[in-house]
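With our numbering as the guide, the letters of the sequence shown map in order to residues 446 to 702.
By construction, the Cβ of each residue, glycine as well, lies at the ideal position given by its N, Cα and C atoms.
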Amino acid sequence: MKIFSLIIFFGVFLAGLFFAFKKDIWKAEKKEIILNYAEEKKISESVLKKQTKEEANPENLDEINKKEEKTKEEIEINQKESKNSIDDSSQKKEETPDSSQDFEIKNRLVSWGYSISQNRSIDTIILHSSYNAVGDDPHNLDDIIEREYKPAGVSPHYIISREGKVYRLVEDKNIAYHAGVSQVPDGRKNVNDFSLGIEIVNTGKESPNSAQYKSIQNLLDYLKNKYKIKYILGHSDIASGRKTDPWNFDWGKINKK
446 MKIFSLIIFF
456 GVFLAGLFFA
466 FKKDIWKAEK
476 KEIILNYAEE
486 KKISESVLKK
496 QTKEEANPEN
506 LDEINKKEEK
516 TKEEIEINQK
526 ESKNSIDDSS
536 QKKEETPDSS
546 QDFEIKNRLV
556 SWGYSISQNR
566 SIDTIILHSS
576 YNAVGDDPHN
586 LDDIIEREYK
596 PAGVSPHYII
606 SREGKVYRLV
616 EDKNIAYHAG
626 VSQVPDGRKN
636 VNDFSLGIEI
646 VNTGKESPNS
656 AQYKSIQNLL
666 DYLKNKYKIK
676 YILGHSDIAS
686 GRKTDPWNFD
696 WGKINKK
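Listed below in structure tokens is the structure:
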């Protein structure tokens with residue numbers, strides 16, 4: 446009986462120790478959890494406070510605004526440069542450095558009426574006259590180029606419209622078929638090989654107008670600045686008896702020198 450009582454006593458004692466130990470562990474864990482939560486809360490509040498302070502800082506706001514303005518300016522500049530690049534490429538013209546500001550050469554290059562050349566020497570300029578003989582409008586540039594020159598397989602280097610606009614049909618470096626059987630005063634033949642041809646749009650019943658004379662002079666000045674020109678002649682000068690153009694041309698209105 447005494448042994449049984451002792452066993453019960455020790456059992457109750459051990460159980461009390463176990464629960465007391467378990468309670469201390471639970472309290473320690475709870476305390477640690479509370480401390481961790483408090484620390485995390487403190488850190489979060491500190492970060493939030495810092496962010497709020499930065500956002501409220503006028504200097505930071507100014508910096509942000511400056512960055513936004515700079516970005517906007519860069520976008521506008523890029524858009525402007527892109528537009529200018531598109532405009533420049535679509536114009537397809539060559540500004541002449543030594544002529545009046547309103548003088549320009551527009552490229553309208555053809556695929557016939559010339560042969561490729563890389564190293565030819567240019568010292569002669571030949572003036573011609575052309576008009577549209579197959580359509581209603583004798584001054585129609587499209588008809589002159591497409592319906593007069595193309596079927597014949599010929600072309601000048603340049604053509605000057607009745608409005609005084611200058612178009613390049615063949616690059617200077619290439620040999621354009623404009624002179625035909627001809628000879629310059631020094632006896633050289635095959636004039637196409639060393640010359641540039643300029644067509645003036647006018648019929649045999651009319652003279653070049655003031656806009657054309659102005660463009661002729663500008664073009665001649667431009668070419669004389671590029672090449673050492675020996676002769677500036679009319680088609681009739683190199684093919685006498687065969688050609689009579691440039692028609693009704695007043696040589697006194699241009700300066701050959």
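Exercise. Of all the options ALA656, LEU668 and GLU616, which has the alpha carbon lying nearest to the alpha carbon of GLY609?
Worked result: ALA656
Problem set entry | Residue span of the alpha helix (DSSP H) that contains LEU664, given as start and end | 655-671
Exercise. Can you find at least 3 beta carbon pairs, one from the stretch 641-653 and one from the stretch 689-700, that sit closer than 8 Å?
Worked result: yes
For this session: Starting from SER574, trace the alpha helix (DSSP H) both ways and give me its first and last residue.
Result: Taken as a continuous stretch (DSSP letters only), SER574 belongs to no alpha helix (DSSP H), being part of the beta strand (DSSP E) at 569-575.
Problem set entry | Among ASP582, SER627, ARG607 and LYS595, the one whose alpha carbon lies nearest that of SER556 | LYS595
Exercise. What residue does the alpha helix (DSSP H) around SER640 start on, and which one ends it?
Worked result: Here SER640 belongs to no alpha helix (DSSP H); instead the beta strand (DSSP E) covers 640-646.
For this session: Return yes when the Cβ of LEU572 is within less than 9 Å of the Cβ of ILE643, no when it is not.
Result: yes
Exercise. Helix, strand or coil: how does DSSP classify ASN637 here?
Worked result: helix
Exercise. Would the stretch 579-591 and the stretch 618-636 be scored as touching if the rule is three or more Cβ pairs under 8 Å?
Worked result: no
Problem set entry | Residue nearest to ASN585 in terms of C-alpha spacing, selected from ILE570, SER606 and SER600 | SER606
For this session: Express the C-alpha separation of ASN654 and THR689 in angstroms, rounding to a whole number.
Result: 19 Å
Exercise. Based on the DSSP secondary-structure assignment, which residues constitute the bridge partners of ILE589?
Worked result: Looking at the DSSP assignment, ILE589 forms no beta bridge with any residue, so it has no partner.
Problem set entry | For ILE605, three-class secondary structure by DSSP | strand
For this session: Between the Cα of GLU593 and those of GLY697, TYR603, HIS602 and TYR576, spot the shortest distance and give me the residue it belongs to.
Result: TYR576
Problem set entry | Backbone CA spacing between ILE550 and GLY686 [nearest angstrom] | 33 Å
Exercise. In or out: GLY558 buried (at least 16 other Cβ within 10 Å) or exposed?
Worked result: buried
Exercise. In chain order, what residues of the same chain have a beta carbon less than 7 Å from the beta carbon of ILE561, not counting five sequence neighbours either side?
Worked result: ASN619
Exercise. Measuring CB to CB, does ILE677 end up less than 9 Å from ILE567?
Worked result: no
Exercise. By Cβ distance, which residues of its chain are closer than 7 Å to LYS698, with the 5 residues on each side in sequence left out?
Worked result: TYR658
Problem set entry | ILE683 beta carbon less than 9 Å from that of SER627 | yes
For this session: Using beta-carbon positions only, say whether LEU665 and ASN700 come within less than 9 Å of one another.
Result: yes
For this session: Check the DSSP bridge columns for GLY679 and list the partner residues they point to.
Result: LEU572
Exercise. Does DSSP put ALA597 in a helix, in a strand, or in coil?
Worked result: helix
Exercise. If you draw a straight line from the C-alpha of ASP588 to the C-alpha of HIS680, how long is it?
Worked result: 22 Å
Problem set entry | Straight-line gap, PHE639 to ASN564 (C-alpha atoms, nearest Å) | 10 Å
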